[in-house]
Structure formats: structure tokens, C-alpha cells
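Undergrad: Heads up, the sequence shown is in my numbering, so the first residue is 184 and it goes up one at a time.
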Amino acid sequence: MAGLVPLRDSMQNLVDSLSIQLKLEMEVVDTHLNRIGVSGSLRGLAGTRQKRGFINRHVLEEGKPMLIANPGREHHCSPCDLRHSCSYRAGLACPIVRQGHVVGVFDLMGFEDGGWQMLRQGDEHLLSFIGGLISGLVTGQIFGDRSVDQHESIAAVSTALQISRQTLRRACSAAAAPATAPTDPFAEIFGTSASLQRVVEKARRVARRGDLILLIGETGTGKELFARAIHRASPAGRGSLVALNCSAIPESLLESELFGYEEGAFTGARRGGKAGKFELADGGTLFLDEVSELPLSLQPKLLRVLERRTVERVGGTGYRPVNIQIIAACNCDLAERVRQGKFRADLYYRLKGLPIYLPPLRERRDDIPLLAEHFLAAEAERSGQDLKRLSGTAQEALLVYDWPGNVRELKNAVEYAALMEEGNEISIESLPDELQDGRRGVSLRGQVLDYERQLVAAALRSEGENVEGKRRVANQMGVSLPTLYRRLKELGLSD
Ligand SMILES: Nc1ncnc2c1ncn2[C@@H]1O[C@H](COP(=O)(O)OP(=O)(O)OP(=O)(O)O)[C@@H](O)[C@H]1O
Ligand SMILES: [Mg+2]
Numbered sequence: 184m185a186g187l188v189p190l191r192d193s194m195q196n197l198v199d200s201l202s203i204q205l206k207l208e209m210e211v212v213d214t215h216l217n218r219i220g221v222s223g224s225l226r227g228l229a230g231t232r233q234k235r236g237f238i239n240r241h242v243l244e245e246g247k248p249m250l251i252a253n254p255g256r257e258h259h260c261s262p263c264d265l266r267h268s269c270s271y272r273a274g275l276a277c278p279i280v281r282q283g284h285v286v287g288v289f290d291l292m293g294f295e296d297g298g299w300q301m302l303r304q305g306d307e308h309l310l311s312f313i314g315g316l317i318s319g320l321v322t323g324q325i326f327g328d329r330s331v332d333q334h335e336s337i338a339a340v341s342t343a344l345q346i347s348r349q350t351l352r353r354a355c356s357a358a359a360a361p362a363t364a365p366t367d368p369f370a371e372i373f374g375t376s377a378s379l380q381r382v383v384e385k386a387r388r389v390a391r392r393g394d395l396i397l398l399i400g401e402t403g404t405g406k407e408l409f410a411r412a413i414h415r416a417s418p419a420g421r422g423s424l425v426a427l428n429c430s431a432i433p434e435s436l437l438e439s440e441l442f443g444y445e446e447g448a449f450t451g452a453r454r455g456g457k458a459g460k461f462e463l464a465d466g467g468t469l470f471l472d473e474v475s476e477l478p479l480s481l482q483p484k485l486l487r488v489l490e491r492r493t494v495e496r497v498g499g500t501g502y503r504p505v506n507i508q509i510i511a512a513c514n515c516d517l518a519e520r521v522r523q524g525k526f527r528a529d530l531y532y533r534l535k536g537l538p539i540y541l542p543p544l545r546e547r548r549d550d551i552p553l554l555a556e557h558f559l560a561a562e563a564e565r566s567g568q569d570l571k572r573l574s575g576t577a578q579e580a581l582l583v584y585d586w587p588g589n590v591r592e593l594k595n596a597v598e599y600a601a602l603m604e605e606g607n608e609i610s611i612e613s614l615p616d617e618l619q620d621g622r623r624g625v626s627l628r629g630q631v632l633d634y635e636r637q638l639v640a641a642a643l644r645s646e647g648e649n650v651e652g653k654r655r656v657a658n659q660m661g662v663s664l665p666t667l668y669r670r671l672k673e674l675g676l677s678d
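1. Out of I219, L643, N649, E210, state which residue places its alpha-carbon closest to the alpha-carbon of S423.
2. Using a Cβ-based criterion (distance less than 8 Å to any ligand heavy atom), does R172 qualify as near ligand 1?
3. Under 9 Å between the Cβ atoms of P542 and L581?
4. Thinking C-alpha only, which one of V656, G652, R415 is nearest V425?
5. In the DSSP assignment, what are the bridge partners of P504?
6. Quick one: is the Cβ of E407 within less than 8 Å of any heavy atom of ligand 2?
7. Please state the DSSP three-state secondary structure of C263.
8. What residue from L479, V583, I507, A452 has the CA that sits closest to V497's CA?
9. L265: buried (16+ other C-beta within 10 angstroms of its C-beta) or exposed?
10. Looking at C-alpha atoms only, which residue of E445, G405, K460, E462 is the closest neighbour of R454?
11. Candidates G501, K525, L664, K484: which alpha carbon is nearest E476's?
12. List, from N- to C-terminal side, the alpha helix (DSSP H) runs of 4 residues or more that fit wholly inside the region 558-616.
13. Report the CB separation of P248 from L275 in whole angstroms; it is logged as a contact under 8 Å.
14. Using a Cβ-Cβ cutoff of less than 7 Å, which residues in the same chain neighbour H241 once the five nearest sequence positions on both sides are dropped?
15. Determine the DSSP secondary structure at L397, reduced to helix, strand or coil.
16. I want to check one thing, is the minimum distance from the CB of D472 to the heavy atoms of ligand 1 below 8 Å?
17. Where do the N-terminal and C-terminal ends of the alpha helix (DSSP H) with N217 fall, by residue?
18. To the nearest angstrom, report how far apart I396 and K535 are at their CA atoms.
19. Helix or strand or just coil, what does DSSP make of K672?
20. Distance, Cα to Cα, V285 vs G230?
21. Check whether the region 372-390 touches the region 488-495, taking contact to mean three or more Cβ pairs, one atom from each stretch, closer than 8 Å.
22. Going by DSSP, which residues form a beta bridge with G274?
23. According to DSSP, is F449 helix, strand or coil?
24. Going by the DSSP bridge assignment, what does T468 pair with across the sheet?
25. Using the three-state DSSP reduction, which class does L667 fall into: helix, strand or coil?
26. Could you check the C-alpha separation between S574 and D549 for me, to the nearest Å?
27. DSSP puts Y531 in a beta bridge; with which residues?
28. Confirm the yes/no value for this check: CB of A512, any heavy atom of ligand 2, distance under 8 Å.
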């Protein structure tokens, strides 16, 4: 039985739309508990494997939906080490059944600030019914099964959940886009600035070779977005993309997470051992995020994998070959880490063979309007509400702001503004405070005037403030002397 394939991008729309409407997080796992599709705040976990997944294991075995009204206190939670600190308030796990076989599990999870009451208070049979329909939609989209009547399912799900049918239908039709029309892997990367276009072109070329790539950029510049696009565009795109954030896992666990372990390698090691990320990514791509945070002790081991393409599990006695593309990412100056003695020079030189620098947003401001429009359109699509546009002053505020959080900050800012704005034109008052401060302090016009004032004042200092000096400055500016006098007045440089 073939496993579930990673969700197509368009399929992600369905998961996203549903999760936003229901105020629940969603996750689709295959029979190995690999997360093949996740919503919103869990997106960072896409492609990883559930380490615990006790409820899902049960659903995979039983093939029946399960309502988890008291996470942490259910019978199936007892082996879980996180049962006393479970962050879910309620959950629903539904088997994804295809041709009589359970091929995965579809989870709806409610967190503190989400729609968990609906799950906990909902009638169990109704919830199972909804879960069944949603898994039907998911199966239909993944496998193109026409046995699932999309129209009936949509009508039933939307009635039961009181979601607008239009929203659901839009999500489903986006998801149903024919699999035969391959989309450009880089299509989700927006921006027409010359610097971004150069990066996209370089990424396309690098992807063809597919081997070892280093993405360098400040937070929010799109490293993960690029990593996914490069993966899809590369020969490794036929395999899976496995991600690991080197700073998110305690040093003591990182080694076994990356390299796996053999049975009996340490107390508590699982019977039969466990494959590490390198092995899981075999035939595909391993995305090593925040590689600069890899502990010094593991760096020689990583270098060895990069050079020999073989992995030794913890407690193992032999090397296993792995055929993988590695995309590493960092948001700091790796050379500086080398100087500080925190990163090995040999690993640094190996990694930086094919570097791709993602420019910060403040250095490609001409991308801001397009990106803002894109995020507003995506937000309108998701919420099913009318598209909102930016007023001139709001756009000006976006253009002058420095965006330390780069594209992620811009995305959050316009989504916030779309939520706060009651009309269809986003006024500057609906933008986050820090952007409004920008307007008060330095508007675009103010900045341009400031710059011109500085240039003209410097020219006058060097040419002299007498009439002759002013005539030379006027000449350099390509204007007449009377125009220069008028301009000096406007700039506050004369009485
Ligand atoms: N050029 C772009 N076009 C469209 N969306 C973008 C672009 N660049 C970034 N984004 C969006 O901005 C957000 C942040 O991007 P991403 O997570 O890839 O950044 P990152 O460089 O990995 O950040 P961090 O270092 O904090 O992990 C994501 O929602 C991503 O989809
Ligand atoms: Mg990232």
C-alpha cells in the first residue's frame, strides 16, 4: 500500500482555510506518523515525524475516529511524557481510509485561544461525521478519488460547521487544480526587484545541481520558502523534504535526532533503533535550519556526512550510504562565528560552496507594494472577505519603515491592518503602532526632502554661499539660479 504523498501546495489551502474557519490547528500524518500537512502555527513541523503520537497510533490501529476531550488524561495518553503539560485543550483524530485501508490520520486540535470548546462540547457522533467528511475531502484531494462527492461533502461540512460554502468551495477548487499542470516551484516567491530576481535565478541554477546549498539571510527574508522551492525544483524533489532546526533541539538529543541510533545505544533507546534525519531524508532533501547553532561537538560528524555521504548511527558500528541534498540556513555571519571559535572553519568552507544571500527587505523596497498586495489578497481569500487595499499614506508608511523582521513582519503587519480596518481601504491608523511612528517621524516625502537638504547644503559648503557659488550649484543641479533660490527657501536653507 502506497503511503500518503506530501500534500500538494494547493492542498495546503484546504487545510489552511478549514483551520482558520474552525479556529483549530490541523495536521495530516501518514502511517509512519510523518507530518505530511500541517496548518498555521504548526507549519514549522511540516515534514517531521511525530515522536509521541499515541492517539494517532491508536487511530491507525483501530481505524476509528477518536474524540480527545481531556488531552493528557485520556487512557491512551498514559505513556506520554508530556501528559501533564499537554498544550491541547481538545482534539479529534480521524482515520484517512482509502480502499478499505487506513493510510493516515487527520487531526483537528484546539489550543487555549482557539475553537476547542466546539470540539469538547460537540456531539461525538456529529464530530465523527464531520471528521469523516473532512478526511473524505482530504483523501479526495490527495488521490483525486472521485468516489467522494465533493459537492455533497462541502455542503454537509459547511452546514455542520457553519462555514460559508463559498470559502470551502474556493479552498477545494484550489486544491483540486490538476496535478498534471506543474507549477513553477518558485511561484510563491514574490518580488520583482532586481536583487530578488537575481537570487531566484541563482537558486534555480543551484537547484539543478542539487547537492549542498547554504542560504544566508536575516530573519524573515524567506530562507525556508527558498529551501522548499529549491527542493521542489531539484532532482531531490521527488523525495521528501525533512527539516531540522539545529537551535530548537537540546544538544543532548540532537545527535540521535540527526544521526539516529542503534538498539541498546543508551538507556531508553527504542527496540530496533531509530533512523535519524539524514536517513529519513534519503532520496530527498535535509533542510538544516540555523546551522550556525549546531554544537561544536557535532560539527565534525556533519562534515563527515557532507564529504562521504554516509551516516553512522549513535552506537552503530558501520556506515549507511545516504543520497541527499542538503540545504543549510543561517541568519548570522558564519565567518564571525568561526572567528569566535563557535564554528569550525573546515565545516564553514565546505558549507559555503554554494551560498545564496537573501537581501533584507529594506534593501529592496520596491518589492514592498507587491508583497503587501499579495498578502492582502491571500488574507481576503482565506477569510472569504472583500479584498482590502492600502491607502496612499498607508503604503507610504510601509515604504519608509525599516522592516527588521523583513517579509514576515510585513506579512504580519498587513494581516493585522486588514483585521483592524473596517472599511475597504486600509488607513494608516489601522497599521501597527511602529509603522505609524514611522509616519510621524519620517515620511517618505520627509526623507526625500531631508536627503535633498543635506546634498544641497553640502554643495553650498563646498562651492561657497555667495552668488557665484550658488550659480555653480544651480549648474550642477541642472536648474536656473532663480529656481535654486526658490528651492533653498522650500528646503529651509535661506530666509
Ligand atoms: N519573497 C517572498 N514572497 C512571498 N512570501 C515571502 C517571501 N519571503 C518571505 N515570505 C514569507 O515570509 C514569511 C517568513 O519567511 P521564512 O519563514 O521563509 O523566513 P526565514 O528566512 O526562514 O526566517 P527565520 O530566519 O526567522 O526562520 C513566510 O510566511 C514566507 O512565506
Ligand atoms: Mg526559517
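Beta carbons are placed, not taken as given, at the ideal position from N, Cα and C, and that holds for glycine.
TA: Inspection of the coordinates gives the following:
1. For the residues I219, L643, N649, E210, the minimum Cα distance to S423 belongs to I219.
2. Outside the displayed span of the chain (184 to 678) sits residue 172, for which this structure offers no information.
3. no
4. R415
5. T493
6. At least one heavy atom of ligand 2 is nearer than 8 Å to the Cβ of E407, so yes.
7. coil
8. A452
9. exposed
10. E445
11. K525
12. Runs of alpha helix (DSSP H) with 4 or more residues, each lying fully within the region 558-616, are found at 575-583, 589-603, listed in chain order.
13. 7 Å
14. Hits under 7 Å: M249, H259.
15. strand
16. yes
17. From DSSP, N217 is part of no alpha helix (DSSP H); its letter is neither H nor E.
18. Annotation: I396 to K535 spans about 7 Å, alpha carbon to alpha carbon.
19. helix
20. 20 Å
21. No contact exists between the region 372-390 and the region 488-495.
22. I251, M292
23. coil
24. L424, Q508
25. helix
26. 17 Å
27. None, per the DSSP bridge assignment.
28. Because some heavy atom of ligand 2 lies under 8 Å away, the Cβ of A512 counts as near it: yes.
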